[in-house]
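There are 2 protein chains.
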Amino acid sequence: MRGTVSAADATLLASRALLGVVARSVSSALEVVTLPQFRVLVILSGSGPMRMGALAEHVHANQSTFSRSMDRIVAGGWAQRSTSPDSRREVLITLTDTGRALVDEVTEHRHREISTILERLTPSERESVRAALELFAIAADEYSVEELLVLGI
Amino acid sequence: MRGTVSAADATLLASRALLGVVARSVSSALEVVTLPQFRVLVILSGSGPMRMGALAEHVHANQSTFSRSMDRIVAGGWAQRSTSPDSRREVLITLTDTGRALVDEVTEHRHREISTILERLTPSERESVRAALELFAIAADEYSVEELLVLGI
DNA sequence: CGCTATGTATGTATAGTTGCAAGTGTTGCC
DNA sequence: GGCAACACTTGCAACTATACATACATAGCG
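One line per chain: the protein sequences are A and B, in this order.
Read left to right, the first sequence gives residues 1 to 153 (this note's numbering).
Read left to right, the second sequence gives residues 1 to 153 (this note's numbering).
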């Protein structure tokens, strides 16, 4: 009973540290795309090609808003429009190699930095961190991942 | 050696869960202020009254950009301008009660949700999560908190 | 074939961020 | 007192996000 820091406080603290990691990993991408744009790339990276309408719905944007946002994403070379094989009125959006690379770069940056942090721990500490975080992730998992989009993760 | 998930992967997973918590907690605030504006409020909440120039530097914004952004923050009633007692050319920005309440509300929301998640664990699990996250936070701590601002945390 | 529903794009409008350059007021030093 | 440096604001301009209403093209059904 020596800990003056409650579990919730420790979690908040750790969440700040993790957010630092995330923020740094994303910040390089934010030099070339905006946060709303990056959100779209992340979704595409996770789901594969997607219709305009579905994509707009995922980011909770108006169709017209999204259409013009996509103009800019396409103009930037991050994604492509193409007619769906199913229906000629549907427009499929696909990540370009450049777009995918941007997302991957952020993910790798994040993974690298987390690894660096964990390397400062002893193997047994590392193992207990792993187990604890797994526990936490499972306990938290009943929440949907949808809201992550607010921050473009 | 039964874990198929590396410590780094477990951390990434947990970070997603934590980010979900953060995203949800911030999203209510984003209905009344923008993310850049919320960043400013968070800084003020952590630092107390601050000069325009220093504040602008903290968010890496141009002075002119920031001056007008602050116009809107003040107009929204989230913060106040006042002349510094030190020098009449310096303008101090102070959070209003409303502004502080907005930031506090987000923090409390986050804390509440984390507590809820932790309550699903047994006391001993909770204790190990606490210890592990504390370890992680310390290991991560050599990084500055500055970059958190990218995401407005 | 024609009508309606569906999927996107455009017209129009507002609000916010951003930056460069120039202007206003204040301080401090010679 | 005058002049340079400093702190902030304003003029101007471009770009992004956002939304409502409307137009356009395609699909599907009777």
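Here a beta-carbon is modelled for each residue, glycine too, at the ideal position from N, C-alpha and C.
Beta-carbon gap between residue i and residue j smaller than 8 angstroms
i	j	result
Ala17 of chain A	Ala137 of chain B	yes
Ala139 of chain A	Ser128 of chain B	no
Leu135 of chain A	Leu121 of chain B	yes
Met52 of chain A	Ile93 of chain A	yes
Ala7 of chain B	Arg130 of chain A	yes
Gly77 of chain A	Thr98 of chain A	yes
Val91 of chain B	Arg81 of chain B	yes
Ser59 of chain A	Pro36 of chain A	A quick correction: the sequence has Val, not Ser, at residue 59 of chain A. Taking 8 angstroms as the Cβ cut-off, Val59 of chain A and Pro36 of chain A qualify as a contacting pair.
Contacts that residue i makes with chain A (C-beta to C-beta distance below 7 angstroms)
i	result
Ile114 of chain B	Ala8, Thr11 and Leu12
Glu105 of chain B	By Cβ distance, chain A contributes nothing, its closest Cβ being about 15 angstroms from Glu105 of chain B, past 7 angstroms.
His111 of chain B	Ala8 and Leu12
Glu57 of chain B	By Cβ distance, chain A contributes nothing, its closest Cβ being about 17 angstroms from Glu57 of chain B, past 7 angstroms.
Glu125 of chain B	Leu135
Ile93 of chain B	Those do not exist, as Ile93 of chain B stays about 23 angstroms from chain A at its closest Cβ, beyond 7 angstroms.
Amino acids of chain B, ordered along the chain, whose beta-carbon sits closer than 7 angstroms to that of residue i
i	result
Leu18 of chain A	Ser15 and Leu18
Anticipated Cβ contact below 8 angstroms, residue i with residue j, distance rounded
i	j	result
Ala75 of chain B	Thr96 of chain B	Between Thr96 of chain B and Ala75 of chain B the Cβ distance is about 12 angstroms, and since that is not below 8 angstroms, they are no contact.
Leu30 of chain B	Phe38 of chain B	7 angstroms
Val159 of chain A	Val42 of chain A	Since the displayed chain A opens at 1 and closes at 153, residue 159 of chain A lies outside it and no answer follows.
Leu118 of chain A	Thr11 of chain B	7 angstroms
Ser15 of chain A	His109 of chain A	Wrong, their Cβ atoms sit about 19 angstroms apart, outside the cutoff.
Under 9 angstroms from the C-beta of residue i: neighbouring residues of chain A
i	result
Ser128 of chain B	Ser128, Ala131, Ala132 and Leu135
Buried or exposed (CB count within 10 angstroms, at least 16 for buried), residue i
i	result
Arg68 of chain A	exposed
Val32 of chain A	exposed
Gly20 of chain B	buried
Arg72 of chain B	exposed
Gly48 of chain B	exposed
Arg89 of chain B	exposed
Arg126 of chain B	buried
Ala56 of chain B	buried
Beta-carbon neighbours of residue i, restricted to chain B and to distances below 8 angstroms
i	result
Arg120 of chain A	Ala139
Ile73 of chain A	Simply none; closest approach about 19 angstroms.
Neighbour list for residue i in chain A, Cβ cutoff strictly below 8 angstroms
i	result
Ile43 of chain B	Simply none; closest approach about 14 angstroms.
Next item on the list: With a floor of 4 residues, list each alpha helix (DSSP H) that falls wholly inside the stretch 37-105 of chain B, ordered by position along the chain.
Entry: Look at the stretch 37-105 of chain B and you find these whole runs of alpha helix (DSSP H), each 4 residues long or longer: 52-58 and 63-75.
Margin query: Suppose only complete runs of 4+ residues qualify. What are the alpha helix (DSSP H) ranges in the stretch 102-143 of chain A, listed by chain order?
Written below: Fully enclosed alpha helix (DSSP H) runs of 4 or longer: 123-140.
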